[in-house]
Each structure stands twice: as structure tokens, then as C-alpha cells.
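*Asks:* I have a structure here, written as C-alpha cells, and I will follow up with some questions on it.
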Ligand code: UDP
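In the numbering used here, the protein residues as written are 8 to 329.
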């Protein structure tokens, strides 16, 4: 299949590209390299450097390579930043996403697999969160993802574009070659591991007064290779679908730090800090639907495996891809 991967030089995108190449697919990556890394693109995939803001360029790329499916990762993804600068999120994640859809319409590309998020649900009224849970985002990041899902719904109904939204819970871990390298880094696991590497003195625990077992936020950490595998399964989907991608186990911030201490055998100093704006207390996936319908089976589900793989990558790449 001829596949365009937007944001294919980023964290989850690059791991998915590697998986697609491994399975013999023809992959073109469209990435602005604003946040992605050229070094993260697996050999065999073609890179086109470009931004989705340039819809005419996207349409040209779709036509030139005869693209049949778009896997759409390119977006901003930081909850905290989205609270301070919602415009950045709505412009890139919604307006530029719409330009991608228009380019697809122009070129006659009939299918899109979309990187959506558990942030579309907001603060859950029941856990685990299944796909039919109300979607009431509590931050602009989640809202931008939900708006795009709604746009996809209308594009499917009116223009027949197949659309599969994959709602990720907390992407984490690394493969032997590819890992997480954001600048600035805001995600818990890499920040904890930076302390273990001696690159920062301590990690902050954002909020210790949540209504959870130990007062800190609970998340469903899902290994990036398992996320990538779900995209491969989604290639065979037709119609309109939304699937959660998490494995149904929640771990608190303190549990993540403790697991990292075990894995790295380092002390890892943690400091209690106020809550971070926009964070729901608990996000745990009910992911039966994708298991049942597509046969997805996450393989790396323990915190030790997830953090261990991230640690292995970070020890090999203490400065990230640079
Ligand atoms: N978190 C934290 N300290 C940090 C970074 C994150 O306590 O330095 C918490 C954050 O408040 C959230 C959880 O860890 O409850 C996971 O945050 P992350 O940014 O990794 O992912 P998100 O849930 O925002 O997608």
C-alpha cells in the first residue's frame, strides 16, 4: 500500500513508519521537522519536508506518490502548552488538519488513520473509559483532537472518506532504535529518566491531592510499539471508527517514579509540586473494542518493560537524536 505518514519523524510516527516499512509498505513521510528528527526516519521511507499549512504542497505529494492512505500524526500535543496558547493548537491541529483533508479530497485519497487522544474524553465520569464515554475535553489540546474527529465524521458522511481515529492513552517506551526526544520535554517518563541519567536534579510530581490511591494522577501507559501495531491493523478498516489504545491498567505518578528507580537502580529525587493545569485525575482505557474488532493485543504492558525500554534508549542516546 502507498501510505503518507504526516509527522512521521516524530515519536509515535517514526515507530509506526519503521513498522510499516518492516511489513513491506511503501511509505512517504511528510514532516516539517519543526519537532521531528530526520534521524528517526527508517531507511526505505521517503522524506518530504513540508508543513500541512501548505495544502497545495500536500495535494501535490499525494498525487505524485499515488497515496492510498494517510496516517496523520502531525500535530502539537502538550496539554500544558495548549492551556497557555490555545491558538497554536487550534490552528495547527484543526485548521492545518482540515487543509490535509482538502488535499486528500483534491487528490482522491480515500482513507485516513488519525492520531487522536484520550484527552478527548476530559475528566472521566466512569473508568475504564470506553469509546461511548461522553467527550468533554478539559483542555484545548483535547478539544482540538475532538474537533478534528467531528470533522472526520462529516467528511466520511459527505465525501465517503474512511476515517479511523485512534485515541491514544499515554504513549511511552522505545524500540531499540527509536525513542522519545522532545524539546522541551514535558512527559513524565523521559523526565524521570533524565534525573536517573544525572541530567536534572529532580522530577516534580504535579499534584498530590487528587482523589486517587496515592494522591497523584493515574495514567494508562501504552508502549509505542503496541501503538504502532494498531496503526497497521487499522489499515484494513473501512468506514468510520474510533478506538481507544491503552491496555486498561492505570499507574500513578509515584508508581512510575518507583518503577524507574527499580529499573535504573538510581535514587531519582522527586519533589511535590502543585497540580498542572488541564490534567484529569485518572485516564484508564477500556480497550476491548479494538481487541475484539481488530485483534489488537498489547505486548509490553508492565511498567518495568515500558520504562526499561525507554531507559535502554536514553542510555544509548543521552542527547536524543543529536
Ligand atoms: N507529570 C508530573 N511531573 C512531570 C511531568 C508529568 O507529575 O514532570 C504528571 C502529569 O501531571 C500527568 C502524568 O504525569 O498526571 C503524565 O503526564 P505526561 O505529560 O507524561 O502525559 P499526559 O498525561 O499529559 O499526556
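C-beta atoms are modelled at their ideal positions from N, C-alpha and C, and glycine is treated no differently. This one's a predicted model, so the numbers in the text were calculated from it and none came from an experiment.
Specify which residues have a beta carbon nearer than 6 Å to any heavy atom of the ligand UDP, listing them in chain order.
*Replies:* 86, 177, 193, 194, 195, 198, 210, 211, 212, 213, 224, 226, 260, 283, 286
*Asks:* For residue 118, is the classification buried or exposed, using 16 other Cβ atoms within 10 angstroms of its Cβ as the cut-off for buried?
*Replies:* Taking the chain shown and counting its residues from 1, one reaches residue 118 at position 111. It is buried - the Cβ of residue 118 has at least 16 other Cβ atoms within 10 Å.
*Asks:* Which class does residue 146 belong to by DSSP, given the choice of helix, strand or coil?
*Replies:* Within the chain shown, residue 146 is the residue found at index 139, counting from 1. It is coil, neither helix nor strand.
*Asks:* Between which residues of its own chain and residue 220 is the CB-CB distance below 8 Å, once the five residues before and five after are set aside?
*Replies:* Numbered from 1 along the chain shown, position 213 holds the residue referred to as residue 220. 259.
*Asks:* For residue 175 and residue 253, what's the separation of their Cα atoms in angstroms?
*Replies:* One-based indexing of the chain shown puts residue 175 at position 168. One-based indexing of the chain shown puts residue 253 at position 246. Annotation: residue 175 to residue 253 spans about 7 Å, alpha carbon to alpha carbon.
*Asks:* Once you ignore the five residues that flank residue 311 on each side, which residues in its own chain have a CB closer than 8 Å to its CB?
*Replies:* Working through the chain shown from its first residue, we reach residue 311 at position 304. For residue 311, where only same-chain residues beyond five positions count, the Cβ hits under 8 Å are 266, 269, 270.
*Asks:* Helix, strand or coil: which one does DSSP assign to residue 248?
*Replies:* Within the chain shown, the letter at position 241 stands for residue 248. Residue 248: strand per DSSP, three-state reduction.
*Asks:* To the nearest angstrom, how far is it from the Cα of residue 24 to the Cα of residue 210?
*Replies:* For this step, residue 24 is matched to residue 17 along the chain shown. For this step, residue 210 is matched to residue 203 along the chain shown. Going by the C-alpha atoms only, they are around 31 Å apart.
*Asks:* Classify residue 203 as helix, strand or coil using the three-state DSSP reduction.
*Replies:* Position 196 of the chain shown, counting from 1, holds the residue named residue 203. In the structure shown, residue 203 falls within a helical segment according to DSSP collapsed to helix, strand and coil.
*Asks:* Would you check if there are 3 or more beta carbon pairs closer than 8 Å linking the segment 238 to 255 to the segment 183 to 191?
*Replies:* Contact fails: fewer than three Cβ-Cβ distances are below 8 Å.
*Asks:* Taking the alpha carbon of residue 82 as the reference point, which residue from 152, 114, 178 has its own alpha carbon closest?
*Replies:* Within the chain shown, residue 82 is the residue found at index 75, counting from 1. Nearest of 152, 114, 178 to residue 82, Cα basis: 152.
*Asks:* I need the boundaries of the beta strand (DSSP E) containing residue 38, first residue and last residue.
*Replies:* Residue numbering aside, residue 38 sits at position 31 when the chain shown is read from its first letter. Looking at the DSSP string, the run of the beta strand (DSSP E) that includes residue 38 is 33 to 38.
*Asks:* Counting pairs of beta carbons, one from the segment 81 to 101 and one from the segment 130 to 139, are three or more of them closer than 8 Å?
*Replies:* no
*Asks:* Quick one: what's got a C-beta closer than 6 Å to residue 284's C-beta in the same chain, skipping five residues either side?
*Replies:* Taking the chain shown and counting its residues from 1, one reaches residue 284 at position 277. Contacts found: 90.
*Asks:* Under 9 Å between the Cβ atoms of residue 76 and residue 11?
*Replies:* Indexing the chain shown from 1 puts residue 76 at position 69. Indexing the chain shown from 1 puts residue 11 at position 4. Yes. Within cutoff.
*Asks:* Give me the residue from 287, 195, 15 with the minimum Cα distance to residue 59.
*Replies:* Reading the chain shown from its first residue, position 52 is the one you call residue 59. It is 15.
*Asks:* Is residue 9 helix, strand or coil when you go by DSSP?
*Replies:* Looking up residue 9 in the chain shown gives position 2. Of the three classes helix, strand and coil, the one that applies to residue 9 here is strand, per DSSP.
*Asks:* What is the rounded straight-line gap between the Cα of residue 291 and the Cα of residue 93?
*Replies:* Locating residue 291 in the chain shown gives position 284, where the first residue counts as 1. Locating residue 93 in the chain shown gives position 86, where the first residue counts as 1. The alpha-carbon atoms of residue 291 and residue 93 are separated by roughly 25 Å.
*Asks:* Pick helix, strand or coil for residue 30, following the three-state DSSP scheme.
*Replies:* For this step, residue 30 is matched to residue 23 along the chain shown. Coil at residue 30, not helix or strand.
*Asks:* So residue 212 and residue 314 are supposed to be a Cβ contact under 8 Å. How far apart are they, rounded?
*Replies:* Your numbering for residue 212 matches position 205 in the chain shown. Your numbering for residue 314 matches position 307 in the chain shown. Their Cβ separation, rounded to whole angstroms, is 16 Å, which puts residue 212 and residue 314 out of contact at 8 Å.
*Asks:* Helix, strand or coil, according to DSSP, for residue 308 in the structure here?
*Replies:* Translated into the one-based positions of the chain shown, residue 308 becomes position 301. Three-state result, residue 308: coil.
*Asks:* Can you tell me where the beta strand (DSSP E) with residue 279 in it begins and where it stops?
*Replies:* As a first step, residue 279 is located in the chain shown; it is residue number 272 there, counting from the start. Unbroken beta strand (DSSP E) run through residue 279: 277 to 280.
*Asks:* Pop quiz: residue 52 and residue 200 are said to be a contact at Cβ under 8 Å. What is the actual Cβ separation, rounded to whole angstroms?
*Replies:* For this step, residue 52 is matched to residue 45 along the chain shown. For this step, residue 200 is matched to residue 193 along the chain shown. Actually they do not touch by this definition, with Cβ atoms about 27 Å apart.
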